[in-house]
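Per UniProt numbering, residue 1 is the first one in the sequence shown, and the count goes up by one each step.
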Amino acid sequence: MDLIRDFKDPGREYSVLAFWFLNGELKKERLAWQIGQMVEKGVYGGFMHPRAYLKTPYLEDEWWDAVGVCVEESRKQGFAPWLYDEYAWPSGTAGSTFEYGFQKPSRILSWGRDNMAKGLWAVKKDAGNRECGNEGAGNEGAGNEGGGSQGGGNQGAANPDAANPEDKGQSGAAPSSMPYRVVKRDGFIYEFYEKVFEKAVDYLNPETIASFIKLTHEEYRKRWGEDFGKLIPGIFFDEIYMTGNPLPWTDRLPGRFRETYGYDILDELPSLVDGASERDKQVRKDYFSLVTAMYEEAFFRQISDWCGKYGLKLTGHTEEFLWEHPRRQGDYFKTMRHLMVPGSDCHDYRYRYPRRITYCEPKYSVSVARIYGKERAMSEALGGAGWNCTMEEFKKGINTLAAMGTGMFILHGFYYECEHQGSQSDWPTSFFYQNPYWDYFKIFADYIRRLSFMNSQGNPVVDYAILYPIGDMDENMENGEENPSGQAINNGFHQALNCMIEHQLDTDMVDEESILNAHICDGKLCLGQQRFKVLLLPEGGSLMEETVEKLEAWTKAGGSVLFYRTGLADEYRSGGDRAGGDKAGGDRSGENRSDRNWPGGDRANGCSVNGYWDTVLRGNVHSISRIPEAAAGLAAPSASVIYGNPGDIFLNHRTAGNVDYYLVANSSDERRNLVLSFSHASTPVLLDIEKGDMVQAVYTQAGTAQMCGGRPSGSGVLIYMDLEPGEAVYVLFGLEEDTIRQAKPALTGDIRWVEEWITGKWDFLPLSPSGPNYGDKAHNEESTVLEIPIAEFTSDVTSGTETIRICNQSGEEGSCGRHMSLWNGRWITRRRSWNDQLDASDLYFRKTVFLEHVPEKAEFCAAAVDSFECFINGTMVYKGISNGEPVVFGDKGQLTQGENILAFHVTNRNPLHDVYVCSAEELPPDRFISLLMEGTIVQGTNVEVVKSDSTWIVNDSLIKGWEQPDSDGRFTAAGFDVRKVLNFNYTGLEHVWLKAWERGKPPLKPWGDLPLFGQTLTYPRKLWYTVTIPAGASVIYEPVTAGAAVCMLDGKEVHWENGVHILPDNERIHILTIQITAGGCSDGLKQPIRVTMKAVAVNLSDWRMLGLPWFSGRCRYTNTWSVEQLEGTYMLELGGVNHCAQIWINGRLADTRLWRPYRADITSLLRPGENEITILVSNLASNERRHMLVDEGMALGWNRYWNEDNMDRDSRNYVSGLLGPVRLLHMISPKP
């Protein structure tokens, strides 16, 4: 292996891989074209991932035909077609679990209960048969930063149907009406009920998984088995976890438990619910250990064995947060060790804002891969970042994942299409051809390929390990959720890991079994690729006696143990119950029963040691914030930041042969001037990951010097680094001198810079989407034709204007009927997260109306999905079923002078529990709980209109007096901004009044236009479309209209000659107004306005200032300047660029920049005298996609989040163009 040569152009096996979202109708030509596009841009492999909106029948002939096209095209083009084992996710169903869509229902689940996930939940009663109110199903919650604790459970479930309202929709939980088991203990009665999750697979049942393999894996093997392990490298499973909650269950578990542990789990079920005794903890540990074993055997081992038999690499991911593991994942190490490429998800670009990688996610899969000798660890990376995320921000995420040790990067995702309701909101962004930066994607692809290559060579050097405390978590899970001690374990583990990594002390995880199997070599704990010097343990935790003995031997041989504080030790040493242990108010400490008198009780000492093993091992105990300093004192790091801000700086050390190399990544938004100390004496060089070049390092021998304001540097070398935001480099030691001499020279501080600003106007031209992408063609394009897709619309029946997309979808014509209605009211509902509350069965709306006089007459028109009650000042005035159709009613004399309360209780008998509806073309009109109302109140000559809109407030809970006047100010809306919500299952706003969320105004789909007070829209109608004509437009083409039309340009009527109008002045924005007399709903502006653009002189500014707020694509800037002398080096500095730039000098390409610094060496391209500079700038897809949400999806909160709110939170990234200032930097080296 030639590390330097191969780094420049690594093999295709290290390529970034596409999560290729196959949706819609798959066409042969389009599939082949997309594979060609990926190969052209340096993406040499991808996973064929059927998504929710797939219309081609999955696992049917059409699907196999499509896969066959992909396989054969891959063979031709050198593309690696990886398999994905499921339609949508999670794996295991062999078909759809969605209520709507185009696919057959799950073949596995259609076979019945045996294949369905199961869970137990408990009702606890006292001796008087009264419910204690503490038990019930656990509630799924989203973890906080760093793997924080899940949300609180639904406590006090009084009956099986109330166990967990989310389960019924998400996984189709069907609770039993009769108890599965009743156990009496310590004066309490525990009733256990079984829930069957009709939409989730039983991953504990080996026959279920065998059937899944037969339906999917074997079908692929029948057709392409000869290509397995060759053309087709492997297969991906996705998002699996044990759905049964709060206690995972399967029919075989009781028998298997007795065989394994020698006692009956059915008699000990109360210990799974609560209790603080050693007996309770041991039962929980045995139970969760068995769940792990059954999960491992049924799914992981079975599928891994099948893949191994036929030469496929198995990869995929499950759950990556510790608090989820006992109930959903089991022991992560024991399950994920069966993958040839252990993988992890990367939630952080969707659930964290500002976006930032959570270290534990990649660290889990990396740790397993290293301990079990796997070549690489995988990350399903950066999904759900949204359309307004920049390449620079994606690069920062990739750098951080690489610094954690990731060696295979799967970008989520590459969309086959995203133009329909089902595909527009499927966790974007798309890295694919839909984004303007796709033209330059090979730069990013090559960048990732080099990272993957370097992270796959040699061996990692990680001195520090942290124990994976699954045993402690198992003991501290009560009723499927972590108790306070479990929360302390979880939080301490993640905080300690984070603290180490953020102090540039790379740390991996290790489990007990691996410690037991480790060898002790030269004072190091050696296992797999790892050679640990220091182990971090939670103070007060538990270990097996064998593990303690192994660690004691290791510490005597020179290893070191550190303990971090979690608060657990105080509980052990106080001799009392742990905090919160007595949840039911009874004595659960074990005082009333003997732990030695139960089957298996004598096993407790053999498996777990008390809380004093930290003293046995004689390790120091520190607060988490002091752990990095203590760890570095025990094993000095070979690299550290000794000067400059170390925040968001990450280090990753590996060895390959005689070479030590370090990835140094700046994952911050700021430029960092750093000095790093390395303990190596040889000459260092740097590797430029973006260019693939070797560069000389700026360094000095460290000696015993101390940097000003830094730490003592020790021996070795000091390297000076100036890292741009998001920049990463490799530092190499141990290369041969002949190789080092090939490195490019570094720029040093004694260079003299002469700065010249390129001022004045630039010739500016937007380039057409169908035009040339590269080279002289784009450089020499003289004019382009653009279609302006949006307009401001108003009519003689609408108040105000609204921005509309002229054509709903490509191929459709525009029509006024999409935008007009007699209604001024909006469909409203409640929204507390990314998605609105589709699953609500009841909503309560209210609004205060002030009247100056007692009204003479009041009439209301309202529609609801599906029924409603209306109250005025506490008196019901109407009750009935609407089913989305308007009904008219009066106020029954209840309105008075002064303050009045209008209140509506809306009920939906058939709510929709799917989080989003990405599987369907259209939304179901009878499933979205909503209210639409409009009323007229006559007071003499004054008619007041009351309408449903965001001024109403809404609650999802029945609050006493909700329909009454608010005399004490109780009914006010809480502040809520969906752009600040970090997940789609946001908790904390239950039972809270919020401002109503507007789905939209009629004729909003799926309901369309509706009669108002029995009246429907009549024609003819006057329409006005106002279109902004951008600067640079030289020709406007006559609009395509239906209905009599008059066009006004800047207030003057336009007379079209041969279907065009020539603009004599193209240096400014113009306003085109089209007035149409519509004879019917299909009339109006039928097509986008077309204009011919020619270059225009402009000052550098945002494209929106030039009339292009909707434009996503490329624009060309051209200027000239003269050079007097060519001595020295010339760098062109573009200043601000949003977001990618190609730099051309005199018709030759100098560089392409996807991120800062927007700078290029142009020395070799200059000529004496006048020179031409051309900059091609690309922005993001967000500017266009902000206006692309189709009518069919507008009413859904989920769609509006991804196509509006998510983008708007990054509103700064709508700014597009070359912003400058542009400078020419002339650098002259000093003469000797």
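Cβ atoms here follow ideal geometry from the backbone N, Cα and C, with glycine treated the same way.
Local Cβ density within 10 Å of residue i, reported as buried at 16 or more and exposed below that
| i | result |
| --- | --- |
| VAL917 | buried |
| THR1018 | exposed |
| ARG5 | exposed |
| TRP834 | buried |
| CYS521 | exposed |
| TRP384 | The sequence shown places Gly at residue 384, rather than the Trp named in the question. Result: buried. |
| GLU629 | exposed |
| LEU686 | buried |
| LEU1126 | exposed |
| MET408 | buried |
| ILE265 | buried |
| SER367 | buried |
| CYS185 | Rather than Cys, the amino acid found at residue 185 in this sequence is Arg. By the neighbour-count rule (16 or more Cβ atoms within 10 Å), ARG185 is buried. |
| ASP9 | exposed |
Residue j beta carbon less than 8 Å from that of residue i
| i | j | result |
| --- | --- | --- |
| LEU1180 | HIS1139 | yes |
| TYR1130 | LEU1218 | no |
| ILE1036 | ILE1069 | no |
| LEU451 | ILE371 | no |
| THR1118 | GLU1172 | yes |
| ASP956 | LEU843 | yes |
| LEU543 | GLU512 | yes |
| GLY101 | ALA1195 | no |
| PRO57 | ARG1114 | no |
| GLY1136 | GLY1220 | yes |
Closest residue to residue i among the options (Cα-Cα distance)
| i | options | result |
| --- | --- | --- |
| ASN1146 | VAL906, LEU1166 and GLN939 | LEU1166 |
| GLU482 | GLN495, PHE288, LYS124 and LEU59 | PHE288 |
| SER1112 | PRO911, THR1077, GLU1170 and GLU1184 | GLU1184 |
| GLN487 | ARG927, ASN498 and ASP474 | ASP474 |
| SER841 | LYS214, THR1120, ILE929 and GLY935 | ILE929 |
| ARG223 | ALA66, LEU467 and GLN696 | ALA66 |
| LEU958 | THR907, THR987 and ASP914 | THR907 |
| THR93 | THR875, ASP114, LEU562 and GLU73 | ASP114 |
Close-in-space but distant-in-sequence residues of the same chain around residue i (CB under 7 Å, 5 per side omitted)
| i | result |
| --- | --- |
| GLU393 | ARG355 |
| ARG531 | LYS524 |
| GLN939 | LEU851, GLU852, HIS853, PRO855 and GLU856 |
Proximal residues to residue i (C-beta, below 6 Å), its chain only, five neighbours per side dropped
| i | result |
| --- | --- |
| SER365 | PRO342, GLY343, SER344 and ALA377 |
| PRO105 | GLY95 and SER96 |
| ASP331 | THR292 and ILE470 |
| GLY585 | Any reading at GLY585 must be qualified, since the residue scores a pLDDT of 32, below 50, and its modelled position is unreliable; no value is offered. |
| ALA903 | ARG846, PHE871 and GLU963 |
| ASN565 | Looking at the sequence provided, one finds Arg at residue 565 rather than Asn. So the list reads GLU539 and SER623, once near-sequence residues are dropped. |
| GLY458 | ARG654, THR655 and ALA656 |
| ASP85 | SER91, THR216, ILE235 and PHE237 |
| ASP1151 | ILE1143 and ALA1160 |
| LYS334 | THR292 and GLU296 |
is_contact[residue i, chain B] using C-beta, thresh 8 Å
| i | result |
| --- | --- |
| VAL366 | Among the protein chains of the structure shown there is no chain B, as only one such chain exists. |
Neighbourhood of residue i by C-beta distance below 8 Å, restricted to the same chain and skipping five residues each side
| i | result |
| --- | --- |
| THR1016 | LEU822 and ASP1009 |
On the three-pair Cβ rule with 8 Å, is the region 638-648 touching the region 666-684? yes
Check whether the region 1100-1114 touches the region 1083-1092, taking contact to mean three or more Cβ pairs, one atom from each stretch, closer than 8 Å. no
Would the region 1010-1017 and the region 812-823 be scored as touching if the rule is three or more Cβ pairs under 8 Å? yes
The region 797-809 in contact with the region 1149-1157 per 3-pair CB rule at 8 Å: no
Between the region 6-26 and the region 36-44, do at least 3 Cβ pairs fall closer than 8 Å? yes
Does the region 1058-1068 come within contact of the region 723-730, defined as at least 3 CB pairs closer than 8 Å? no
Count Cβ pairs between the region 276-285 and the region 298-313 that sit closer than 8 Å; are there 3 or more? no
Tell me whether the region 896-913 and the region 777-797 touch, counting them as touching only if at least three CB pairs, one residue from each stretch, are closer than 8 Å. no
Does the region 110-127 come close enough to the region 182-202 that 3 or more CB-CB pairs lie under 8 Å? yes
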